[in-house]
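Undergrad: With our numbering, the residue at position 69 of the sequence shown is 69, and numbering never jumps. Once you've had a glance at the structure underneath, I'll fire off some questions.
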Amino acid sequence: MTELLFRGATVFTPRGPTRADVRVTDGVVAHIGNVDPVKGATVVDVRGTYLLPGAIDVHVHSRDPGFPDKEDFGTLTAAAAAGGVTTVIDMPNTVPAVDSAGVLEAKAALARSRARVDFGLWALVRSSTTPDQLRELAAAGAIGFKAYLGYALSVSRRQVTHSFETEDPDLEAPPDYGTLTRLGPELAEIGLPLVIHAEDAGVLNTFRRPLETYADVLASRPGEAESVAIAAAAAVAREHGFPLHIAHLSSASGLAAAEEAVSAGTKLTVETCPQYLWLSEADFPRISTWMKMNPPVKTLHDQATLRDGLKRGVITIVATDHAPHTDEEKSRDLEHALPGTPGVQTLYLSSLQLAKEMGDISLAPRWVAEAPAELGGLAESKGSIAPGYDADLVVVDPRQSTTFSPRMMRSRQKHGALNGMRVEFAIDSVYLRGMPVVNGGRVTAGAQGRMVRPASVG
Ligand SMILES: [Zn+2]
Numbered sequence: 001m002t003e004l005l006f007r008g009a010t011v012f013t014p015r016g017p018t019r020a021d022v023r024v025t026d027g028v029v030a031h032i033g034n035v036d037p038v039k040g041a042t043v044v045d046v047r048g049t050y051l052l053p054g055a056i057d058v059h060v061h062s063r064d065p066g067f068p069d070k071e072d073f074g075t076l077t078a079a080a081a082a083g084g085v086t087t088v089i090d091m092p093n094t095v096p097a098v099d100s101a102g103v104l105e106a107k108a109a110l111a112r113s114r115a116r117v118d119f120g121l122w123a124l125v126r127s128s129t130t131p132d133q134l135r136e137l138a139a140a141g142a143i144g145f146k147a148y149l150g151y152a153l154s155v156s157r158r159q160v161t162h163s164f165e166t167e168d169p170d171l172e173a174p175p176d177y178g179t180l181t182r183l184g185p186e187l188a189e190i191g192l193p194l195v196i197h198a199e200d201a202g203v204l205n206t207f208r209r210p211l212e213t214y215a216d217v218l219a220s221r222p223g224e225a226e227s228v229a230i231a232a233a234a235a236v237a238r239e240h241g242f243p244l245h246i247a248h249l250s251s252a253s254g255l256a257a258a259e260e261a262v263s264a265g266t267k268l269t270v271e272t273c274p275q276y277l278w279l280s281e282a283d284f285p286r287i288s289t290w291m292k293m294n295p296p297v298k299t300l301h302d303q304a305t306l307r308d309g310l311k312r313g314v315i316t317i318v319a320t321d322h323a324p325h326t327d328e329e330k331s332r333d334l335e336h337a338l339p340g341t342p343g344v345q346t347l348y349l350s351s352l353q354l355a356k357e358m359g360d361i362s363l364a365p366r367w368v369a370e371a372p373a374e375l376g377g378l379a380e381s382k383g384s385i386a387p388g389y390d391a392d393l394v395v396v397d398p399r400q401s402t403t404f405s406p407r408m409m410r411s412r413q414k415h416g417a418l419n420g421m422r423v424e425f426a427i428d429s430v431y432l433r434g435m436p437v438v439n440g441g442r443v444t445a446g447a448q449g450r451m452v453r454p455a456s457v458g
């Protein structure tokens with residue numbers, strides 16, 4: 001039996017912050033309160049710090065297998081650990097795309113050999129996916145399903161690809177609202193969330209144009225692309241009663257559609273990302289193509305509306321859409337630079353900063369740990385500091401500040417869109433199931449990550 005005793009931190013529990021000791025036995029939180037050390041216990045003096053639940057980033061792209069030049073599970077999870085993210089949920093657009101139980105199991109085995117933090121896997125919905133495949137993916141441990149509305153699949157390369165090409169015989173048509181309608185009964189029966197990339201293909205197709213300026217980017221992917229996709233997918237979800245999750249919400253228009261869907265009774269959850277909460281079109285001259293992403297960062301009005309949606313609890317989750325590319329792929333001209341930014345390492349600190357500016361630091365662990373655990377079906381073991389929960393713990397020092405810089409980044413891609421931002425917190429140490437994975441800001445973890453799966457589904 002191993003005993004660990006954290007002494008004197010401000011502990012962020014589901015009921016709010018409290019000054020307490022936390023006893024951890026064999027990697028599980030055993031007691032919160034005044035604790036006398038038992039013989040042989042390791043005592044960790046954390047006076048003056050915040051003890052927070054490890055974050056669960058429900059939206060990352062490990063690029064593994066498929067694109068080792070961009071990232072792999074080892075570098076992804078080193079960045080995650082360094083940022084206090086103790087569980088990552090990886091998107092299924094790795095290669096081969098995670099469209100069957102066999103592919104999911106092979107990816108899980110690969111991830112286990114490299115992951116420094118715990119991980120879960122989303123499964124892909126193709127336009128050709130069958131109800132049986134959904135059931136097999138659920139049985140294999142998928143956290144839920146992801147449909148990339150408007151993204152085709154190269155059958156020969158087994159790769160999700162954004163394409164407006166309709167003539168290429170190698171491209172399988174993107175999943176659409178018809179696909180969701182067809183699979184609705186099984187999605188409802190299985191009960192796992194369906195995540196959508198919510199930009200309507202019809203709207204995007206109408207507004208396509210060469211991308212010469214950032215105004216072209218905004219005009220080519222308007223907020224209505226989000227609101228149309230959300231309204232349509234929500235109508236299907238409501239009809240069948242399956243849980244729908246909106247990835248990376250970026251617009252005021254999309255937020256309004258989500259809010260309407262919720263008041264109409266849709267089982268709907270919404271995530272946004274730090275880049276949409278902190279950046280706007282005004283930052284493009286400074287950041288250039290490093291902030292090219294889909295959906296694009298929009299206006300200051302969108303940013304303010306998203307912050308308000310988060311404050312009002314319409315948006316409950318902050319995730320990153322961590323999507324690294326190589327420097328060469330990001331430094332091309334606006335038209336050809338690949339979309340996406342790394343972000344997993346800056347999720348917690350940027351969220352703490354925003355929560356502080358909103359006047360309540362305890363909002364941050366709700367956005368990045370508690371609500372994500374609920375979405376992933378992990379809320380019985382992760383996302384909170386409470387007795388019986390995994391001791392995924394982050395020690396944050398509020399007396400130190402951090403400026404995001406390429407030098408500190410553990411991802412293979414060093415140039416995140418938030419680089420240069422200063423926050424009034426620093427990560428001191430991180431524990432995964434009671435094991436130290438970051439110490440004094442240094443990542444010490446080996447490949448000790450385990451796969452997590454939703455509790456309610458076998
Ligand atoms: Zn993504």
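From the three backbone atoms N, C-alpha and C, an ideal C-beta is built for every residue, glycine too. From a predicted model like this one, the values you see are computed outputs, not experimental measurements.
So, under 8 Å CB-CB, arginine 523 and alanine 97 are touching, yes? Tell me the CB distance rounded to an integer number of Å.
TA: Residue numbering for the chain in the displayed model covers 1 to 458; residue 523 lies beyond these limits and cannot be assessed.
Undergrad: Give, in chain order, every unbroken run of the alpha helix (DSSP H) that is at least 4 residues long and sits entirely within the segment 238–307.
TA: 252–263, 274–278 and 284–287
Undergrad: Shorter than 6 Å, the distance from the beta carbon of aspartate 72 to the closest heavy atom of ligand 1, or not?
TA: Here residue 72 refers to the residue found at position 72 of the sequence shown. No, since every heavy atom of ligand 1 falls outside the 6 Å radius drawn around the Cβ of aspartate 72.
Undergrad: Who are the Cβ neighbours of glutamine 290 in its own chain at under 7 Å, not counting the five residues just before and after it?
TA: Counted from its first residue, the sequence shown places residue 290 at position 290. A small correction: the amino acid at residue 290 is tryptophan; glutamine does not occupy that position in the sequence shown. Excluding positions up to five away in sequence, the list reads Lys330, Thr341, His415 and Ala417.
Undergrad: Measuring only the C-alpha atoms, how far is serine 156 from threonine 166?
TA: Taking the sequence shown and counting its residues from 1, one reaches residue 156 at position 156. Taking the sequence shown and counting its residues from 1, one reaches residue 166 at position 166. Near 16 Å, if we compare the C-alpha coordinates of threonine 166 and serine 156.
Undergrad: Considering only DSSP beta bridges, list what valine 88 is partnered with.
TA: Along the sequence shown, one-based indexing puts residue 88 at 88. Asp57 and Phe119.
Undergrad: Taking 7 Å as the cut-off, decide whether the C-beta atoms of arginine 23 and phenylalanine 73 are in contact.
TA: Position 23 of the sequence shown, counted from the first residue, corresponds to residue 23. Position 73 of the sequence shown, counted from the first residue, corresponds to residue 73. No, these two residues do not count as a Cβ contact at 7 Å.
Undergrad: Give the straight-line distance between the Cα atoms of valine 228 and leucine 255, rounded to the nearest whole angstrom.
TA: Locating residue 228 in the sequence shown gives position 228, where the first residue counts as 1. Locating residue 255 in the sequence shown gives position 255, where the first residue counts as 1. Between valine 228 and leucine 255, the C-alpha separation is close to 11 Å.
Undergrad: Near threonine 305, what residues of its chain come up, given a Cβ to Cβ distance below 7 Å and the 5 sequence neighbours on each side ignored?
TA: Start at 1 with the first residue of the sequence shown, and residue 305 comes out as number 305. Taken in chain order, the residues that qualify are Ala252 and Leu255.
Undergrad: Look at the Cβ atom of serine 405, then the Cβ atom of arginine 422, and state whether they are nearer than 7 Å.
TA: Translated into positions along the sequence shown, residue 405 becomes position 405. Translated into positions along the sequence shown, residue 422 becomes position 422. Cβ distance not < 7 Å, so serine 405 and arginine 422 don't count as in contact.
Undergrad: May I have the straight-line CA-CA distance separating threonine 320 from alanine 386, to the nearest angstrom?
TA: Translated into the one-based positions of the sequence shown, residue 320 becomes position 320. Translated into the one-based positions of the sequence shown, residue 386 becomes position 386. Taking the straight line joining both Cα atoms gives about 25 Å.
Undergrad: Please classify glutamine 133: does DSSP put it in a helix, a strand, or coil?
TA: Your numbering for residue 133 matches position 133 in the sequence shown. Glutamine 133 falls in the helix class under three-state DSSP.
Undergrad: Could you give the distance in angstroms between the alpha-carbon of valine 29 and the alpha-carbon of alanine 188?
TA: For the purposes of this step, residue 29 is taken as the residue at position 29 of the sequence shown. For the purposes of this step, residue 188 is taken as the residue at position 188 of the sequence shown. So the alpha carbons of these two residues sit roughly 34 Å apart.
Undergrad: Which residues does DSSP list as the beta-bridge partners of glycine 144?
TA: As a position in the sequence shown, residue 144 is number 144, starting the count at 1. Paired residues: Trp122.
Undergrad: Closest by CA to valine 262, which one among Thr272, Tyr276, Leu244 and His248?
TA: Position 262 of the sequence shown, counting from 1, holds the residue named residue 262. When only C-alpha atoms are compared, the closest one is Leu244.
Undergrad: Mind checking which residues open and close the alpha helix (DSSP H) that includes glycine 184?
TA: In the sequence shown, residue 184 corresponds to position 184, counting from 1. Looking at the DSSP string, the run of the alpha helix (DSSP H) that includes glycine 184 is 177–190.
Undergrad: What are the residues that DSSP puts in a beta bridge with leucine 393?
TA: In the sequence shown, counting from the first residue as 1, residue 393 sits at position 393. Per DSSP, Pro53 and Tyr431.
Undergrad: When you compare each of Ala247, Gly66, Val203 and Ser154 to glycine 144 by their alpha carbons, which one comes out closest?
TA: Position 144 of the sequence shown holds residue 144. Closest by alpha carbon: Ala247.
Undergrad: Can you tell me the Cβ-Cβ gap for leucine 352 and valine 297, rounded? I've got them flagged as a contact below 8 Å.
TA: For the purposes of this step, residue 352 is taken as the residue at position 352 of the sequence shown. For the purposes of this step, residue 297 is taken as the residue at position 297 of the sequence shown. Not confirmed; about 21 Å, so no contact.
Undergrad: Excluding sequence positions up to five away, which residues of its chain have a Cβ less than 8 Å from the Cβ of glutamate 199?
TA: In the sequence shown, the residue the question calls residue 199 occupies position 199. Exclusion of the five residues before and after glutamate 199 leaves Leu149, Gly150, Arg221, Ala225, Glu226, Ala229, Asn294 and Pro295 as the residues of its chain whose Cβ lies within less than 8 Å of its Cβ.
Undergrad: Quick check on valine 95: does DSSP put it in helix, strand or coil?
TA: In the sequence shown, the residue the question calls residue 95 occupies position 95. In this structure, valine 95 counts as coil in the three-state DSSP scheme.
Undergrad: Using only CA atoms, which one of Arg7, Asp21 and Val46 lies nearest to glycine 440?
TA: Position 440 of the sequence shown holds residue 440. When each option's Cα is compared against that of glycine 440, the closest is Val46.
Undergrad: I need the straight-line Cα distance from threonine 269 to valine 117, nearest angstrom please.
TA: Here residue 269 refers to the residue found at position 269 of the sequence shown. Here residue 117 refers to the residue found at position 117 of the sequence shown. Cα-Cα distance, rounded: 25 Å.
Undergrad: Spatial neighbours of methionine 1 within its chain, please: C-beta separation below 7 Å, excluding the five flanking residues on both sides.
TA: As a working mapping, residue 1 is identified with position 1 in the sequence shown. Contacts found: Thr25 and Asp26.
Undergrad: Would DSSP call threonine 206 helix, strand or coil?
TA: As a first step, residue 206 must be located in the sequence shown, where it is residue number 206. Correct three-state label for threonine 206: helix.
Undergrad: What do you get for lysine 292, buried or exposed, if any count of 16 or more other CB atoms within 10 angstroms of its CB means buried?
TA: Here residue 292 refers to the residue found at position 292 of the sequence shown. Lysine 292 is buried by the Cβ-count criterion.
Undergrad: Which two residues bound the contiguous beta strand (DSSP E) that contains serine 154?
TA: Position 154 of the sequence shown, counted from the start, is the residue given in the question as residue 154. Counting along the chain, the beta strand (DSSP E) containing serine 154 begins and ends at 151–154.
Undergrad: When the Cβ atoms of the segment 374–381 are set against those of the segment 449–456, are three or more pairs found closer than 8 Å?
TA: Remark: three or more beta-carbon pairs, one from each stretch, lie closer than 8 Å, so the segment 374–381 and the segment 449–456 are flagged as touching.
Undergrad: Looking at aspartate 64 and ligand 1, is the gap between the Cβ and the nearest heavy atom below 6 Å?
TA: Here residue 64 corresponds to residue number 64 of the sequence shown, with the count starting at 1. Result no, Cβ not under 6 Å from ligand 1.
Undergrad: Pull up the DSSP beta-bridge partners for aspartate 45, would you.
TA: Here residue 45 refers to the residue found at position 45 of the sequence shown. Its beta-bridge partners are Arg7.
Undergrad: Just to confirm the assignment, what range does the beta strand (DSSP E) spanning glutamine 159 have?
TA: Here residue 159 refers to the residue found at position 159 when the sequence shown is read from its first residue. Unbroken beta strand (DSSP E) run through glutamine 159: 159–162.
Undergrad: Please list, in chain order, all residues of the same chain as proline 17 whose beta carbon is under 6 Å from its beta carbon, the five residues on each side excluded.
TA: The residue you call residue 17 lines up with position 17 of the sequence shown. Closer than 6 Å at Cβ, skipping near neighbours: Thr10 and Ser362.
Undergrad: Mind checking which residues open and close the alpha helix (DSSP H) that includes alanine 447?
TA: Mapped onto the sequence shown, residue 447 falls at position 447. Element bounds for alanine 447: n/a, residue is neither H nor E.
Undergrad: Output the distance between the C-alpha atoms of glutamine 275 and leucine 121, rounded to the nearest integer angstrom.
TA: Position 275 of the sequence shown, counted from the first residue, corresponds to residue 275. Position 121 of the sequence shown, counted from the first residue, corresponds to residue 121. Near 23 Å, if we compare the C-alpha coordinates of leucine 121 and glutamine 275.
Undergrad: Can you tell me whether alanine 138 is helix, strand or coil according to DSSP?
TA: Stepping through the sequence shown from its first residue, residue 138 is reached at position 138. DSSP places alanine 138 in helix when its eight states are reduced to three.
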